[in-house]
Amino acid sequence: MNVDVFYDTAADVVVSDTEETMNKSILLIDDDERLSHLLADLFDLDGYAVTIAQTGKEGLELAQKSAFAVAIADVHLPDTHGIELVRLLKEVAPATEVIVLTAHAEVKDGVEAMKNGAFDYALKTGDHEQLMLTIARAAEKSQLQLAVKELQKQLVSQDAFGTIIGVAPALQEAVKMARHAAHTDIPTLLLGETGTGKEVFARAVHNSSTRVKKAFVALNCSAIPADLLESELFGYQKGAFSGAVRDKRGLIEEAHEGTLFLDEIGEMPLALQSKLLRVLETRKFARVGSTELIDVDFRIIAATNANPQEEIASGRFRADLYYRLEGFTIVLPALRDRRGDIEILAQYFLTMFAAKYQKNVLSMSPEFIRAINARRWKGNVRELRNSMERAIVLCSGTVLSPDLLSPELEDLQFQSHLPQAVYNVGYPAQVGIPNGLPMQPYPVAYPAMGFPNYAGQYPAGTPSAYIPNGMPNGNPMANPNGNGYNAPYPQQPYQTYIPNGAASENGSTSDEQSDDAQFSLRRAEDERARQEIIAALQASGGHREKTAKLLGISPATLYRKLQKYGIA
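In my numbering, the protein residues as written are 11 to 578.
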């Protein structure tokens, strides 16, 4: 039975029956011409279309060209043994059921034939009625296998795009383009902000393509240091560099006959971009440390959250590589541009995580729905997914309420020993100081945010440059005044604001104090950036790649900032 499966824009699957057609074709392989024609006439009476081959080679060629329901092969053929032919036939035509005919039944041959994939083993001089029943069962099994295979192929295609949830026109246009891309091997470029689902789209394209049974290999180019990216992509030969103690296949080689997905391709060094372009043009590459070219066949899907034209103009991305990748360019909308999908996605995640964590959470309160619809969702679908998971875990009832949502990163307030006015959080105005900005650092206690040693202490590992003399940092320390750990921080007097060009009591001019203020502002900015990174690390459980995504920077940039600010 053939089944047609259609996909509509609401991601529903509609199945309709079609007229039943039975493949009643038989391939008869026997060098006995007289017997072959006798059997062909017998099969024809039962409605089978018979094709005759007199050698194993001829039979294999016919099996490759046409789809036969059943192949019937003699054990003894001029060029091959029928038992071995069973294996070869199943390799070239897996859906064809093979029946072995023999003049003399031998248990050993029968066992070997079944091991090689034969449907049955029959005598030439046996009961013809029984033979016809065997052929009918074999044809039915073959037809069922074909129907199941076709249905599985169609359902895989539907399920692939069924994971993309939403009804927004911009999203549906992206899905439409991705469907077109899936039916070709044309390079595909996915453009969209972090968290919009670029890898989900890439997997859907792969799972809907003819390469679905082969590997889908994904690599985030920003997650690997530049000096290691080349060996990850191309692999290396033993002895290519220190530590290369054996040959290693690269991801390009692993993706042979499948799909290679390169996320954040804009982070790839220019020299490596040139090398990748050469591979895409020639379909050949060499491992690091080797000159031997290896043929490769893969489909390339790339993605970036940057504007390609701006990256090209700035010299960070090769124009020729961009033009090679832009065969199908698909723009994925940000969640704020498809607000009608927020509640749909939230309901999907509610169902998924309630089942995952075995929570009896049934719905979202109207206030919760209003809160998620009003949120900025700078992290897009990924941020919504994480927020819903957190809300489900924290929920003790059956309805989600807005207090279960985590605060947005921009709304978190970080205090330190620096003036509160630097952070615009309303430091009380002081006499003679505009906007309440004191000219000297002033210690304030950290709010209770779950960070260690934040109740008036600096966290362990804070560089001494950021800690005023005498201020504790979680470790015994000495200061120039001889005070030790937990020594009170000596409050500094406020300095009076001095207009431009005027001299202070100690003779310093406003220009000199302006330089000091700029230095203090830089330190304030560094400290704020440092505290934001610490907060993001806490929120992600110390996972650096997740932290980078929360902050909207690449892992490589995060690594440099961790080094700069001395965060372990």
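The beta-carbon is built from N, C-alpha and C at its ideal position, and this holds for glycine as well.
Between the beta-carbon of residue i and the beta-carbon of residue j, is there less than 9 Å?
{"i": "GLU321", "j": "GLY276", "result": "yes"}
{"i": "ILE39", "j": "GLY66", "result": "yes"}
{"i": "ARG293", "j": "GLY260", "result": "no"}
{"i": "ASN315", "j": "GLU274", "result": "yes"}
{"i": "THR106", "j": "ALA77", "result": "yes"}
{"i": "SER300", "j": "TYR246", "result": "yes"}
{"i": "ALA313", "j": "LEU199", "result": "yes"}
{"i": "LEU141", "j": "LEU99", "result": "no"}
{"i": "LEU201", "j": "LEU290", "result": "no"}
{"i": "ILE82", "j": "ILE145", "result": "yes"}
{"i": "ALA79", "j": "ALA148", "result": "yes"}
{"i": "ARG395", "j": "SER416", "result": "no"}
{"i": "ARG348", "j": "ALA180", "result": "yes"}
{"i": "ILE402", "j": "TYR367", "result": "yes"}
{"i": "ALA566", "j": "ALA281", "result": "no"}
{"i": "HIS266", "j": "VAL306", "result": "yes"}
{"i": "LEU111", "j": "LYS125", "result": "no"}
{"i": "PRO318", "j": "PHE327", "result": "yes"}
{"i": "HIS138", "j": "PHE338", "result": "no"}
When DSSP labels each residue in this structure, what does residue i get in the three-state scheme?
{"i": "MET374", "result": "strand"}
{"i": "HIS553", "result": "coil"}
{"i": "TYR58", "result": "coil"}
{"i": "HIS91", "result": "strand"}
{"i": "ALA545", "result": "helix"}
{"i": "HIS86", "result": "strand"}
{"i": "ASN217", "result": "helix"}
{"i": "SER152", "result": "helix"}
{"i": "ASP40", "result": "coil"}
{"i": "ALA488", "result": "Any reading at ALA488 must be qualified, since the residue scores a pLDDT of 38, below 50, and its modelled position is unreliable; no value is offered."}
{"i": "PHE327", "result": "coil"}
{"i": "ASN445", "result": "Because ASN445 carries a pLDDT of 41, less than 50, the predicted location of this residue cannot be relied on, and no value is offered for it."}
{"i": "LEU270", "result": "strand"}
{"i": "ASN126", "result": "coil"}
{"i": "ILE109", "result": "strand"}
{"i": "ALA2", "result": "No information on residue 2 is available, as it lies outside the stretch 11 to 578 that the chain covers here."}
{"i": "TYR333", "result": "helix"}
{"i": "THR519", "result": "Unreliable placement is indicated for THR519, whose pLDDT of 48 sits below 50; no coordinate value is reported for it."}
{"i": "SER411", "result": "coil"}
{"i": "VAL222", "result": "coil"}
{"i": "ALA81", "result": "strand"}
{"i": "LYS369", "result": "coil"}
{"i": "GLY120", "result": "helix"}
{"i": "SER416", "result": "coil"}
{"i": "PHE211", "result": "helix"}
{"i": "PHE251", "result": "coil"}
Looking at the secondary structure, which residues open and close the alpha helix (DSSP H) in which residue i lies?
{"i": "ARG395", "result": "390-404"}
{"i": "ASP237", "result": "236-244"}
{"i": "TYR569", "result": "565-575"}
{"i": "VAL227", "result": "Here VAL227 belongs to no alpha helix (DSSP H); instead the beta strand (DSSP E) covers 226-230."}
{"i": "GLU116", "result": "That residue, GLU116, is in no alpha helix (DSSP H); it is neither H nor E in DSSP."}
{"i": "GLY66", "result": "66-75"}
{"i": "PHE359", "result": "352-366"}
Measuring CA to CA, which of the options is closest to residue i?
{"i": "GLY389", "options": "ALA558, ARG44, ARG297", "result": "ALA558"}
{"i": "VAL96", "options": "LEU290, ARG297, ALA73, GLY127", "result": "GLY127"}
{"i": "THR173", "options": "ASN396, VAL102, PHE308, MET362", "result": "MET362"}
{"i": "THR204", "options": "PHE251, TRP387, TYR333, LEU303", "result": "TRP387"}
{"i": "PHE378", "options": "VAL391, VAL409, GLU399", "result": "VAL409"}
{"i": "PHE226", "options": "SER232, ASN217, ALA233", "result": "ASN217"}
{"i": "GLY595", "options": "ALA546, VAL185, LYS574", "result": "Examination of residue 595 is not possible in this model, given that the chain is present from 11 through 578 alone."}
{"i": "GLU116", "options": "PRO235, VAL210, TYR131, VAL108", "result": "TYR131"}
{"i": "SER373", "options": "ARG400, GLY407, VAL341, ALA384", "result": "GLY407"}
{"i": "VAL391", "options": "LEU355, ASN383, ALA384, LEU45", "result": "LEU355"}
{"i": "PHE271", "options": "HIS114, LEU243, ALA73", "result": "LEU243"}
{"i": "GLU101", "options": "TYR333, GLN74, ASP119", "result": "GLN74"}
{"i": "SER35", "options": "VAL255, VAL108, GLU302, HIS86", "result": "VAL108"}
For the beta strand (DSSP E) holding residue i, just list the boundary residues, first then last.
{"i": "ALA5", "result": "Because the chain is modelled from 11 through 578, residue 5 falls outside the range shown and cannot be assessed."}
Using DSSP bridges, identify the partner residues of residue i.
{"i": "LYS294", "result": "ASP305"}
{"i": "LEU8", "result": "Given that the chain is displayed from residue 11 to residue 578, the structure contains no residue 8 and the question cannot be resolved."}
{"i": "LYS258", "result": "TYR246"}
{"i": "ALA103", "result": "In the DSSP output, where bridge partners are listed per residue, ALA103 has none listed."}
{"i": "ALA132", "result": "LEU111"}
{"i": "SER35", "result": "ALA59"}
Is the shortest distance between the beta-carbon of residue i and the beta-carbons of chain D less than 9 Å?
{"i": "PHE271", "result": "In summary, chain D is missing from the structure at hand, where a single protein chain is found."}
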